[in-house]
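Every position in the sequence shown, counted from 1, becomes a number in my numbering once 1 is added.
Each residue gets a CB set at the ideal place from its N, CA and C atoms; glycine is no exception.
Here the structure is laid out as structure tokens; the discussion comes afterwards.
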Amino acid sequence: MVSIFEFHWKAKNRFQQKQSGILLAQNHAEAEQKLLAKGYQYIHIQRNFTFSRQPKADEVTQFLAQLALLINASIPFKQALMMQQENCTNIKLYQWLLALNASISSGYSFSASLAKLNLYLSKQEIQLIRMGEQSGKLGVVLENIAKTRNQADKLAKKVRKITFYPLIVLVISCVLTLGLLVFIVPQFADLYMDKAQNLPWLTSLLFSLSAFLRQNGIFLCCGSIVVMGVLLCFAKKFGNLTACQMHLLSYIPYFNQVIRYTRIIFFTQNLALMLSAHLHLEVALKAFLSEKMHDRLLQEQVRLTLSLLQQGYKFSEGLNPAVFTPQMVQMITIGEKSANLAVMCTQISDIYQLKLDYQIDLLSQLLEPILMLLMGIIIGTVLIGLYLPIFDLGILV
2 MVSIFEFHWK AKNRFQQKQS GILLAQNHAE AEQKLLAKGY QYIHIQRNFT
52 FSRQPKADEV TQFLAQLALL INASIPFKQA LMMQQENCTN IKLYQWLLAL
102 NASISSGYSF SASLAKLNLY LSKQEIQLIR MGEQSGKLGV VLENIAKTRN
152 QADKLAKKVR KITFYPLIVL VISCVLTLGL LVFIVPQFAD LYMDKAQNLP
202 WLTSLLFSLS AFLRQNGIFL CCGSIVVMGV LLCFAKKFGN LTACQMHLLS
252 YIPYFNQVIR YTRIIFFTQN LALMLSAHLH LEVALKAFLS EKMHDRLLQE
302 QVRLTLSLLQ QGYKFSEGLN PAVFTPQMVQ MITIGEKSAN LAVMCTQISD
352 IYQLKLDYQI DLLSQLLEPI LMLLMGIIIG TVLIGLYLPI FDLGILV
């Protein structure tokens with residue numbers, strides 16, 4: 002892709018008012034030319050030396066929503082795309098838009114250009130955009146995709162919220178425990194060793210653990226950093242980190258229910274969106290078999306359902322109630338029989354969204370006392386182990 006740089010500019014507009022901002026360009030001359038074209042004078046441009054980052058999901062969603070708004074306002078597509086590119090402030094996203102414009106100018110359609118670049122949008126979304134182009138309803142389709150992405154983003158933030166708090170408390174507990182073992186426990190060890198007294202097993206265990214940490218602390222710290230770095234690199238290369246997180250959480254009570262409801266909402270929301278765009282059911286299901294999707298269990302279920310569909314079975318007969326829920330399978334059956342599968346999928350999504358909100362609220366209320374209790378047990382065990390020999394009055398003589 003073309004090298005793009007970020008520039009900070011200051012200038013005066015035609016009313017002699019001071020203006021400033023950020024713009025992206027290939028070089029200083031191009032940045033100045035863009036500002037002159039907008040009527041700015043007394044231009045001062047300075048390059049910002051920043052690292053480019055991947056665009057966030059909500060930035061891509063905002064792009065789709067704004068593009069839909071421009072298309073629905075009867076602005077020509079290429080002009081709308083160019084307007085989005087001019088207002089973009091993320092280098093990676095700007096390069097992507099630049100490549101999209103170049104591909105479309107070469108004769109490719111919008112959906113073909115997206116599939117060619119294969120960035121930031123899922124297989125389902127590209128499929129929907131292709132249908133929108135063919136039906137002449139691209140603006141409506143883009144608007145629906147943006148709404149679905151917003152709902153999915155809110156859902157992901159809720160799930161992250163209930164996992165972030167326990168992680169913070171766990172880290173604080175570990176840091177406090179390590180601090181006690183490394184700095185406080187050795188002081189007690191020197192005190193008790195002078196008394197030549199047999200120590201309780203808990204106190205001896207604490208002293209042994211403290212000595213081990215003090216002797217091998219640097220090695221353990223470096224080893225942990227290396228292991229974490231390798232795991233992060235592996236996850237970044239193969240994209241398995243989210244899949245592993247979901248797999249681990251699925252074994253924890255309450256969290257497994259949250260994962261299941263999240264899976265149902267994701268599946269029914271996207272399926273309803275594709276069916277509403279008049280995609281064939283089999284084509285819609287194949288769109289879930291993307292390499293970018295992290296839910297391996299859902300992918301296996303979709304493969305099984307596709308196989309049964311091709312053998313002549315009904316869609317509802319191929320859904321496993323153990324992966325989803327019996328209630329969802331029953332509602333899908335009703336939707337099939339009434340020929341309103343897309344509407345029924347939307348209703349399922351709404352129902353399980355309410356259930357998920359309740360589960361998250363319940364988890365938020367339960368986690369705080371449980372984590373405080375866990376933190377108290379860990380710190381309390383260390384303190385009891387340290388002061389236990391004092392209760393043996395003979396050690397004080």
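Per DSSP, what kind of secondary structure is residue i in: helix, strand or coil?
{"i": "residue 398", "result": "Only weak support exists for where residue 398 lies, its pLDDT of 48 falling under 50; the value from the coordinates is given anyway. The answer is coil: DSSP assigns residue 398 none of H, G, I, E or B."}
{"i": "residue 297", "result": "helix"}
{"i": "residue 270", "result": "helix"}
{"i": "residue 339", "result": "coil"}
{"i": "residue 122", "result": "coil"}
{"i": "residue 325", "result": "coil"}
{"i": "residue 175", "result": "helix"}
{"i": "residue 73", "result": "helix"}
{"i": "residue 149", "result": "helix"}
{"i": "residue 136", "result": "helix"}
{"i": "residue 400", "result": "Residue numbering for the chain in the displayed model covers 2 to 398; residue 400 lies beyond these limits and cannot be assessed."}
{"i": "residue 313", "result": "coil"}
{"i": "residue 346", "result": "helix"}
{"i": "residue 389", "result": "helix"}
{"i": "residue 164", "result": "helix"}
{"i": "residue 55", "result": "coil"}
{"i": "residue 108", "result": "coil"}
{"i": "residue 363", "result": "helix"}
{"i": "residue 262", "result": "helix"}
Among the options, which has the Cα closest to the Cα of residue i?
{"i": "residue 350", "options": "219, 266, 154 and 205", "result": "266"}
{"i": "residue 263", "options": "42, 70, 161 and 16", "result": "161"}
{"i": "residue 54", "options": "22, 7, 323 and 34", "result": "7"}
{"i": "residue 87", "options": "31, 134, 343 and 140", "result": "31"}
{"i": "residue 339", "options": "317, 312 and 353", "result": "317"}
{"i": "residue 62", "options": "21, 143, 366 and 343", "result": "143"}
{"i": "residue 201", "options": "388, 114, 12 and 11", "result": "388"}
{"i": "residue 159", "options": "361, 371 and 386", "result": "361"}
{"i": "residue 156", "options": "191, 261, 302 and 329", "result": "261"}
{"i": "residue 66", "options": "139, 107 and 128", "result": "139"}
{"i": "residue 148", "options": "228, 274, 231 and 279", "result": "274"}
{"i": "residue 189", "options": "209, 164, 14 and 163", "result": "209"}
{"i": "residue 15", "options": "39, 296, 371 and 124", "result": "39"}
{"i": "residue 311", "options": "297, 325 and 281", "result": "281"}
{"i": "residue 49", "options": "64, 22, 74 and 56", "result": "22"}
{"i": "residue 288", "options": "341, 126, 131 and 309", "result": "126"}
{"i": "residue 78", "options": "28, 56, 27 and 137", "result": "137"}
{"i": "residue 91", "options": "122, 11, 52 and 116", "result": "52"}
Looking only at DSSP bridge pairs, what is residue i linked to?
{"i": "residue 13", "result": "19 and 42"}
{"i": "residue 7", "result": "25 and 49"}
Looking only at its chain, what residues have a beta carbon closer than 8 Å to the beta carbon of residue i, apart from the 5 residues adjacent to it on each side?
{"i": "residue 76", "result": "84"}
{"i": "residue 383", "result": "178, 181, 182, 186 and 207"}
{"i": "residue 37", "result": "44"}
{"i": "residue 154", "result": "58, 59 and 62"}
{"i": "residue 306", "result": "286, 316, 319 and 320"}
{"i": "residue 398", "result": "Any reading at residue 398 must be qualified, since the residue scores a pLDDT of 48, below 50, and its modelled position is unreliable; no value is offered."}
{"i": "residue 218", "result": "183"}
{"i": "residue 134", "result": "110, 111 and 112"}
{"i": "residue 13", "result": "19, 20, 41, 42 and 43"}
{"i": "residue 176", "result": "none"}
{"i": "residue 229", "result": "none"}
Among the residues of its own chain, which have a CB less than 7 Å from the CB of residue i, if the five just before and after it don't count?
{"i": "residue 268", "result": "299"}
{"i": "residue 394", "result": "With a pLDDT of 47 at residue 394, under the threshold of 50, the modelled position of that residue is not reliable, and no figure is offered here."}
{"i": "residue 277", "result": "343"}
{"i": "residue 335", "result": "345"}
Which same chain residues, not among the five before or five after residue i, have their C-beta less than 6 Å away from its C-beta?
{"i": "residue 400", "result": "Any property of residue 400 remains undetermined from this structure, which presents the chain solely from 2 to 398."}
{"i": "residue 95", "result": "5, 25 and 89"}
{"i": "residue 353", "result": "262, 265 and 266"}
{"i": "residue 212", "result": "none"}
{"i": "residue 71", "result": "81"}
{"i": "residue 322", "result": "330"}
{"i": "residue 221", "result": "none"}
{"i": "residue 47", "result": "9"}
{"i": "residue 259", "result": "360"}
Pull up the CB-CB distance for residue i and residue j, whole angstroms please, since I reckon it's below 8 Å.
{"i": "residue 167", "j": "residue 357", "result": "The pair is not a contact, with the Cβ atoms about 18 Å apart (cut-off 8 Å)."}
{"i": "residue 170", "j": "residue 376", "result": "6 Å"}
{"i": "residue 97", "j": "residue 118", "result": "6 Å"}
{"i": "residue 152", "j": "residue 34", "result": "Residue 152 to residue 34, Cβ: 41 Å. No contact."}
{"i": "residue 114", "j": "residue 104", "result": "4 Å"}
{"i": "residue 204", "j": "residue 381", "result": "Rounded, the Cβ-Cβ distance is 14 Å, inconsistent with contact."}
{"i": "residue 146", "j": "residue 129", "result": "6 Å"}
{"i": "residue 379", "j": "residue 174", "result": "5 Å"}
{"i": "residue 423", "j": "residue 302", "result": "No answer is possible for residue 423: the residues shown for the chain start at 2 and end at 398."}
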